[in-house]
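Inspection log for the structure reproduced underneath, given as structure tokens.
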Ligand code: SF4
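Written out as structure tokens, the structure reads:
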């Protein structure tokens, strides 16, 4: 298995961008272009809330840890979990300073509602894979909490999802190494893209600059 | 398209700016005279010396709000610049191009084509709109010269040659600038372009408007991740925003010159709003400067259709869109840099 060096770690949350559009990911993570539109600002506020409580909460059988830094050597990524819940369970793992055994559940906060695309599930699965590596445990499921509908959705972290995450990170590392930004492929998703002002997907449908210059400067009339 | 946010212009030199929550607060003599929420502002231009609190500077740097200081006469002094958009790759490519004569020439040529094309159309439009009022013969003649000049610019093979052609075209264009002044003719005369200092009212207006435009170009370039100080045609000189000056070339006539002509021709400003120093330098009164800024703000809101993108945008967005297109070319997404060609 590949082992990545720490300085080559990519941002874990980038997997959402990557699965949405390769070019969007490259613009944000390779070129560091970021157009903070309303959507992302809202997103930040929700996240701030999730991370706000610096103290971890303990209930009877649950420990809730907020803003936990995570990483994975084999994926070559690091990031943060909004929330990790540890539930007391006989088939769990032991935790430093805690009595009993616990199962681990990553929970990620999202604005909006559940989406058809895999982006959120992939991100959660990647978090689970990090936690497994760090805690040497097994995680079968996690939760996505959707702010708009204020509901948790269970995500089963199955092999198919893991495989996808794994392959995606390999592809991301390759692209990052080449510092390559894929060209625009205009698609429906562009309408919802927070980077469309930087990406200018409509450029694909305009003429070449040469044609534009010829047309305007009237060379072809001669 | 990105939303056009407001630029806050502070024209009173006694004003001190500070941050309060999410607002910029303007104080004069310790008294609060204005308060503006920062969330719909993308730039602050302060003319004068009273100063700004470090906290406001920090906030602006963080939020990507440009903060520019001009002297009372509109001379560029400084700008607060936060962490540059981490786009090293784009910048490196920009530096490579600026070190490469041929590649620089390709971009500069299109910019100058834009410049000459646009100044030609400023003349043409005057001919069309005022054929009954003025001797269009002379304008027509100069316009034809500019048409010819566009052809030769396309053939230019070296930067110096291009600069020469540009200079000639500019002087031909300015030779009839006075003809386009249709009102208050006895009070606003234009002989030739002079800037350090401007020796007549028209030059004072032009210089001031160019300063407003160059600061727009500068923040537009920084916003898209380019280095405003490394140009393709204007050569590097410490403290000179060469790329902003490059980019401004194609916008001068359509944005700034026409604006100045409108101010005079629509009698939005008056000769009494200027005074002359002992050495001949012409200076705008505070009130005149305010009027100009106010008119400039509404000019920026006017909508047009971008000739290349074919998309509706505001005049104020034009520098940003051009900077973006330039970045796209530098990155290799476009076959050439498309200048803003306005008819
Ligand atoms: S606008 Fe379209 S092509 Fe461009 S980054 Fe967004 S989704 Fe990708």
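Protein chains in written order, with the numbering used here: chain X, 1 to 222; chain H, 223 to 565. Cβ atoms here follow ideal geometry from the backbone N, Cα and C, with glycine treated the same way.
What do you reckon, is the C-beta of residue i under 8 angstroms from a heavy atom of the ligand SF4?
i              : result
residue 184(X) : yes
residue 21(X)  : yes
residue 131(X) : no
residue 196(X) : yes
residue 193(X) : yes
residue 199(X) : yes
residue 439(H) : no
residue 189(X) : yes
residue 556(H) : no
residue 27(X)  : yes
residue 16(X)  : no
residue 24(X)  : yes
Which residue from the options puts its Cα closest to that of residue i?
i              : options                        : result
residue 81(X)  : 213(X), 23(X), 120(X), 210(X)  : 120(X)
residue 287(H) : 277(H), 484(H), 274(H), 302(H) : 302(H)
residue 380(H) : 408(H), 556(H), 324(H), 367(H) : 324(H)
residue 66(X)  : 115(X), 106(X), 178(X)         : 106(X)
residue 384(H) : 338(H), 422(H), 421(H)         : 338(H)
residue 426(H) : 256(H), 445(H), 485(H), 451(H) : 485(H)
residue 415(H) : 408(H), 409(H), 423(H)         : 423(H)
residue 260(H) : 268(H), 274(H), 241(H), 513(H) : 241(H)
residue 559(H) : 329(H), 315(H), 266(H), 513(H) : 329(H)
residue 494(H) : 250(H), 406(H), 336(H)         : 406(H)
residue 262(H) : 277(H), 283(H), 230(H)         : 230(H)
residue 445(H) : 255(H), 367(H), 284(H)         : 284(H)
residue 475(H) : 268(H), 334(H), 256(H)         : 334(H)
residue 99(X)  : 68(X), 4(X), 88(X)             : 88(X)
residue 72(X)  : 108(X), 10(X), 149(X), 211(X)  : 10(X)
residue 214(X) : 376(H), 447(H), 312(H)         : 376(H)
Let me know if residue i comes out buried or exposed under the rule of 16 or more other beta-carbons within 10 Å of its beta-carbon.
i              : result
residue 52(X)  : For residue 52(X), the predicted model reports a pLDDT of 49, less than 50, meaning its position is unreliable; a value from the coordinates is still stated below. Label assigned to residue 52(X): exposed.
residue 84(X)  : buried
residue 478(H) : buried
residue 340(H) : buried
residue 551(H) : buried
residue 96(X)  : exposed
residue 222(X) : Note on residue 222(X): pLDDT 42, under 50, position unreliable in the model; no value is reported.
residue 192(X) : exposed
residue 351(H) : exposed
residue 104(X) : buried
Please look up how many angstroms separate the CB atoms of residue i and residue j, rounded, as I've assumed it's under 8 angstroms.
i              : j              : result
residue 64(X)  : residue 181(X) : Not confirmed; about 39 angstroms, so no contact.
residue 289(H) : residue 279(H) : 6 angstroms
residue 343(H) : residue 564(H) : 6 angstroms
residue 412(H) : residue 326(H) : Not confirmed; about 32 angstroms, so no contact.
residue 491(H) : residue 499(H) : That belief does not hold up - the Cβ atoms of residue 491(H) and residue 499(H) are roughly 19 angstroms apart, past 8 angstroms.
residue 153(X) : residue 114(X) : 6 angstroms
residue 184(X) : residue 23(X)  : 6 angstroms
residue 148(X) : residue 112(X) : 5 angstroms
residue 463(H) : residue 440(H) : 5 angstroms
Cβ of residue i within 9 angstroms of Cβ of residue j?
i              : j              : result
residue 138(X) : residue 132(X) : yes
residue 473(H) : residue 540(H) : yes
residue 516(H) : residue 544(H) : no
residue 531(H) : residue 203(X) : yes
residue 198(X) : residue 546(H) : yes
residue 373(H) : residue 397(H) : no
residue 234(H) : residue 508(H) : yes
residue 401(H) : residue 356(H) : yes
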